[in-house]
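Peer 1: One structure coming up, written as structure tokens, with questions to follow.
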Amino acid sequence: MSLWSFRFILWYICILMVQPQNRFTFLWPLRIANLSFIIGVCLHGLACMERRSPLIRLGPGTILALALLFFATLSQHFGLYQNSPAWNPWLDIIVKNSLLLIMVEAVAISVERVWAVQMTSLIASLWWVKSGLRLSQTGATYAGDRMMGAAVSLIENPNSFAYMMCIFLPLYLYAFQQATKKWVKLFFLACAMSAIWIVFETGSRTGLVTLVVMGAFLLPHYGRNHVKGLIAIVVAILFLFPLTGEKNKQRFRTIPQSIASFLGRGDGEAHRAMNQDEQSANERKMKNRHTWALIKENPIFGVGVNPDQSKYAARFPMATGQVHCEILATGKQMGLIGMGIYSGFIGVIFFSGSWVRRNAKHWPAVRDLGWTLQMQAVAIAVGGSFSPLPWHPPMMMLAGSASALMRILKEERAAELERRAGI
Numbered sequence: 030m031s032l033w034s035f036r037f038i039l040w041y042i043c044i045l046m047v048q049p050q051n052r053f054t055f056l057w058p059l060r061i062a063n064l065s066f067i068i069g070v071c072l073h074g075l076a077c078m079e080r081r082s083p084l085i086r087l088g089p090g091t092i093l094a095l096a097l098l099f100f101a102t103l104s105q106h107f108g109l110y111q112n113s114p115a116w117n118p119w120l121d122i123i124v125k126n127s128l129l130l131i132m133v134e135a136v137a138i139s140v141e142r143v144w145a146v147q148m149t150s151l152i153a154s155l156w157w158v159k160s161g162l163r164l165s166q167t168g169a170t171y172a173g174d175r176m177m178g179a180a181v182s183l184i185e186n187p188n189s190f191a192y193m194m195c196i197f198l199p200l201y202l203y204a205f206q207q208a209t210k211k212w213v214k215l216f217f218l219a220c221a222m223s224a225i226w227i228v229f230e231t232g233s234r235t236g237l238v239t240l241v242v243m244g245a246f247l248l249p250h251y252g253r254n255h256v257k258g259l260i261a262i263v264v265a266i267l268f269l270f271p272l273t274g275e276k277n278k279q280r281f282r283t284i285p286q287s288i289a290s291f292l293g294r295g296d297g298e299a300h301r302a303m304n305q306d307e308q309s310a311n312e313r314k315m316k317n318r319h320t321w322a323l324i325k326e327n328p329i330f331g332v333g334v335n336p337d338q339s340k341y342a343a344r345f346p347m348a349t350g351q352v353h354c355e356i357l358a359t360g361k362q363m364g365l366i367g368m369g370i371y372s373g374f375i376g377v378i379f380f381s382g383s384w385v386r387r388n389a390k391h392w393p394a395v396r397d398l399g400w401t402l403q404m405q406a407v408a409i410a411v412g413g414s415f416s417p418l419p420w421h422p423p424m425m426m427l428a429g430s431a432s433a434l435m436r437i438l439k440e441e442r443a444a445e446l447e448r449r450a451g452i
């Protein structure tokens, strides 16, 4: 039963990422995602009773997920501007993705299962790569040369498409370096190149900045261990970037000015006519400022998971709607507590990956998986600073996987020490 429970959770991850019901609408009434998760949980409960093992495993990821559920419930009822305790879309996201993390850590009871979770997400994300290449081929763009996202909530616009490609790029590189057959290595290298091309084609400045920061972390690792792969990546980038649409390249050239505007100390009022990119940077700057001011005024529970924005629109007009910064969005929902929990999830992914790298030197495939988790944490930290959707499934899934992997290796090391001691 344990194995079948794990399989249903993997199927649930596939549905979350691919969302086949958007294309095959007859699947909507079947609730295939909810059904898969419920079956997985039920089978896991039966397996735990059969083996007399704990229902959940209290690793750092699960502890943070339980804290998130607790404080989200408090904010739902005690948030200053929360106008209704009823179920709402934001609470739905928090609850479902927290439960995903808890179940990933609970059913991933071996290194092989953690690896399977990562590979399942990789295989599912190949549909995104295919969609990106297809959209690029057909010229499906808007606002100039910017590629649209596919019909999936996680990648439905250019910025989120680039963000998710950056999160999964380290996984393509991991599969490339671990593959033993040449054609498999070439396939995953092509996937990595396609992900970079998609980032270029989206015209997302967030995506390009995330790629640059990730490259700073990748260079020492690949420069030392995978020289040929690094050379191939650099050559491909030098070849792909000139093929990017001219309007996208012009947008990328505005990154320094956008950063200067974003960090500027002006009052947000235009003293001259601004172009679209300058206006976007100015709007994000003012949204961040007003949202941070709102958080400072309500630091404990925030203003509620799903607040009535009309109650603070007069004083903080730019804090209404979406704020394109995940950590500030969590602060608006749950104050400094929410910001701390969000940072904790990124910390779990990064520092668990670091611990795995240091303590799995005897197992190269697992050691490199630790490095991959670190790179994915960097992508979330940088890309999430400009994204409006916190608590998204890939982050929660990675936090559960990283927490489970560290716990498994600690248990195996403790068992080995006991064996050597003859206990």
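Going by the working numbering, the letters in the sequence shown line up with residues 30 to 452, in that order.
We treat Cβ as the ideally placed atom computed from N, Cα and C, and that holds for glycine.
(1) Taking the alpha-carbon positions, what's the Val108 to Val241 distance?
(2) For Lys390, does the count of other Cβ atoms within 10 angstroms reach 16, so buried, or fall short, so exposed?
(3) For Ala348, I'd like the list of residues in its chain whose CB is within less than 6 Å of its CB, leaving aside the five on either flank, ordered along the chain.
(4) Any idea what DSSP makes of Arg175, helix, strand or coil?
(5) Grouping DSSP H, G and I as helix and E and B as strand, with all else coil, what is Ala115?
(6) With DSSP as the reference, identify every bridge partner of Thr170, one or two as the case may be.
(7) Mapping DSSP to helix, strand and coil, what is Pro336?
(8) Which of the three DSSP states, helix, strand or coil, is assigned to Ala299?
(9) From this set, Ile85, Asn188, Ile38 and Arg396, which residue's C-alpha is nearest Asn63's C-alpha?
(10) To test your reading of the DSSP string, which unbroken alpha helix (DSSP H) runs of 4 or more residues are found completely within the stretch 216-257?
(11) Output needed for Cys195: all residues of its chain with C-beta closer than 7 Å, excluding positions within five of it in sequence on either side, in chain order.
(12) Would you say Val334 and Leu120 are within 7 Å of each other, going by their C-beta atoms?
(13) Need the endpoints of the alpha helix (DSSP H) that Ser31 sits in, please.
(14) Look at the alpha carbon of Val71 and the alpha carbon of Met425, and state the distance between them as a whole number of angstroms.
(15) Could you give the distance in angstroms between the alpha-carbon of Gly350 and the alpha-carbon of Tyr341?
(16) Quick check: the stretch 140-159 against the stretch 355-369, are there 3 or more CB pairs under 8 Å?
(17) Between the alpha carbons of Lys210 and Phe216, how many angstroms are there, rounded?
(18) Rounded to the nearest angstrom, how far is the Cβ of Gln405 from that of Ile378, given a contact under 8 Å?
(19) Quick check on this structure: which residue in Ala358, Ile42 and Pro271 has the alpha carbon closest to the alpha carbon of Phe415?
(20) Based on Cα-Cα distance, which residue from Cys43, Gln279 and Ser82 lies nearest to Leu183?
(21) Would you report the Cα separation of Ala219 and Val133, rounded to the nearest angstrom?
(22) One question on the structure: do Ala76 and Ser31 come within less than 7 Å of each other, judged by their Cβ atoms?
(23) Nearest-angstrom Cα distance between Trp113 and Phe197?
(24) To the nearest angstrom, how far is it from the Cα of Ile122 to the Cα of Trp420?
(25) In terms of residues, what are the limits of the alpha helix (DSSP H) holding Val352?
(26) Is the Cβ-Cβ distance between Met193 and Glu230 less than 7 Å?
(27) If you follow the alpha helix (DSSP H) that Met194 is part of, which residue opens it and which one closes it?
(28) How about Leu93 and Gly373: are their beta carbons less than 7 Å apart?
(29) Would you tell me roughly how many angstroms separate the C-alpha atoms of Val385 and Lys276, rounded to the nearest one?
(30) From the DSSP output, in three-state form, read off Pro423 for me.
(31) Would you decide whether Arg52 is buried or exposed? Buried here means 16 or more other CB atoms lie within 10 Å of its CB.
(32) Can you tell me whether Glu475 is buried or exposed? The criterion is at least 16 other CB atoms within 10 Å of its CB, across all chains shown.
(33) Roughly how many angstroms lie between the CA atoms of Trp33 and Ile329, to the nearest whole one?
(34) With Gln50 and Ile61 assumed to form a contact (beta carbons below 8 Å), what rounded beta-carbon distance in angstroms separates them?
(35) Going by beta-carbon coordinates alone, are Met46 and Ala153 separated by less than 7 Å?
Peer 2: If we stick to the structure as given:
(1) Here the sequence assigns Gly to residue 108, which means Val is not the residue at that position. Roughly 38 Å separates the two Cα atoms.
(2) Exposed, by the Cβ-count rule.
(3) His319, Thr320 and Leu323.
(4) Per DSSP, reduced to three states, the secondary structure at Arg175 is strand.
(5) The answer is coil: DSSP assigns Ala115 none of H, G, I, E or B.
(6) Thr170 is bridged to Met176.
(7) Here Pro336 sits in strand by DSSP.
(8) Reliability fails at Ala299, whose pLDDT of 47 lies under 50, so the model's placement of it is uncertain and no value is given.
(9) Considering only alpha carbons, the answer is Ile38.
(10) Runs of the alpha helix (DSSP H) inside the stretch 216-257: 234-254.
(11) Excluding the 5 residues flanking it on each side, Cys195 has same chain C-beta neighbours closer than 7 Å at Val228, Gly236, Thr239, Leu240, Met243, Ala408 and Gly412, in chain order.
(12) A Cβ-Cβ contact shorter than 7 Å links Val334 with Leu120.
(13) In the DSSP assignment, Ser31 falls within the alpha helix (DSSP H) that extends over Ser31 to Val47.
(14) It should be pointed out that residue 71 corresponds to Cys in this sequence rather than to Val. Approximately 21 Å between the Cα atoms of the pair.
(15) Each residue's Cα considered, the two are about 12 Å apart.
(16) Taking a cut-off of 8 Å on C-beta distances, the stretch 140-159 does not touch the stretch 355-369, as fewer than three cross pairs fall below it.
(17) Those two C-alpha atoms are separated by around 10 Å.
(18) Sure, about 6 Å apart at Cβ, within 8 Å.
(19) Of Ala358, Ile42 and Pro271, the residue nearest in Cα terms is Ala358.
(20) Looking at the Cα atoms, Cys43 is the closest of the given residues.
(21) For Ala219 and Val133, the distance between alpha carbons rounds to 29 Å.
(22) Contact flag set, yes.
(23) The sequence shown places Ser at residue 113, not Trp. Spanning the two alpha carbons is a distance of roughly 37 Å.
(24) Their Cα atoms are separated by approximately 7 Å.
(25) Going by DSSP, Val352 is part of no alpha helix (DSSP H) at all; its letter is neither H nor E.
(26) No, they are not a contact pair.
(27) For Met194, the enclosing alpha helix (DSSP H) has its first and last residue at Pro187 to Gln207.
(28) In this structure, Gly373 lies closer than 7 Å to Leu93 by Cβ.
(29) If you draw a straight line from the Cα of Val385 to the Cα of Lys276, it is about 42 Å long.
(30) In the structure shown, Pro423 falls within a helical segment according to DSSP collapsed to helix, strand and coil.
(31) The residue is exposed, with fewer than 16 neighbouring Cβ atoms inside 10 Å.
(32) This structure cannot speak to residue 475, because the chain is shown only from 30 to 452.
(33) Distance between the alpha carbons of Trp33 and Ile329 is about 42 Å.
(34) So it is a contact: roughly 7 Å between Cβ atoms.
(35) Yes, they are a contact pair.
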